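One structure below.
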Amino acid sequence: MANVVNAFVKVESDLDAALKKLRKKIEKEGLIKEIKKNMYYEKPTQRRRRKMLKARKKMRKMQEKMARLDRY
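Numbering (the UniProt record's numbering), first residue to last: 1 to 72.
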């Protein structure tokens, strides 16, 4: 979980541009999502339930997509 993000900035470059570059790197690596996920303790049963519901939703979306494709 110890992720390090490096953003190299030229001496004469703009600070706002450097911050934008850093934010994009952090977002791309998913650090914010991971920090929010680990902010509070989640019981193992809650974690399993969340994953199960996510899998059900994904399966339902896939079935709907396949049904739409079968119509044509």
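All C-beta atoms, glycine included, are put in the ideal place defined by N, C-alpha and C.
Here the structure is a predicted model, which is why all the values come from computation and not from measurement.
Quiz item: Do the region 57-68 and the region 27-47 meet, that is, are 3 or more Cβ pairs less than 8 Å apart?
Solution: no
Quiz item: Whole-angstrom Cβ separation of residue 5 and residue 22, contact assumed at under 8 Å?
Solution: 7 Å
Practice problem: Reducing DSSP to helix, strand and coil, say where residue 52 ends up. | Solution: Residue state, collapsed to three classes: helix.
Self-check item: Pair within 7 Å by beta-carbon distance, residue 25 and residue 7
Solution: yes
Quiz item: By DSSP, does residue 43 sit in helix, in strand, or in coil?
Solution: coil
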